[in-house]
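> A single structure is presented below for examination.
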Amino acid sequence: DELRRKKISALIPPRKGAGYWPGEYADRNRAVANQRLTGSNARWKWTTDYNRRSIAETAMYRVKQLFGGSLT
Numbered sequence: 001d002e003l004r005r006k007k008i009s010a011l012i013p014p015r016k017g018a019g020y021w022p023g024e025y026a027d028r029n030r031a032v033a034n035q036r037l038t039g040s041n042a043r044w045k046w047t048t049d050y051n052r053r054s055i056a057e058t059a060m061y062r063v064k065q066l067f068g069g070s071l072t
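Residue 1 is where the sequence shown starts when you use the UniProt record's numbering, and the numbers rise one by one after that.
See below:
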């Protein structure tokens, strides 16, 4: 797995109703457990600062809308 080779923890929210994966996917399993305990990904997104990614994506979308389809 590329993420494990680079020693990166995955910040990918699981789909609704996701199941657990084998032991080496601890980051994802934590996110799934959080989802099952709270009923949504909202708490996981807040604790991992996933909302920052959403804000950054929205900002880039707005910049592209102002200056055209590409930044080059």
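For glycine and all other residues, C-beta sits at the position ideal for the given N, C-alpha and C.
Bear in mind that the values here come from a model prediction, so they are computed numbers and not experimental data.
Among the candidates Val-63, Leu-66, Ile-12 and Arg-62, whose CA atom is the shortest distance from the CA of Ala-42?
When each option's Cα is compared against that of Ala-42, the closest is Ile-12.
> Touching or not, the segment 26-34 and the segment 60-71, by the rule of three or more beta carbon pairs under 8 Å?
Judged by Cβ distances under 8 Å, the segment 26-34 makes no contact with the segment 60-71, as fewer than three pairs qualify.
> Helix, strand or coil: which one does DSSP assign to Leu-11?
The answer is coil: DSSP assigns Leu-11 none of H, G, I, E or B.
> So what's Tyr-50 in DSSP terms, helix, strand or just coil?
Note: Tyr-50 maps to helix in three-state DSSP.
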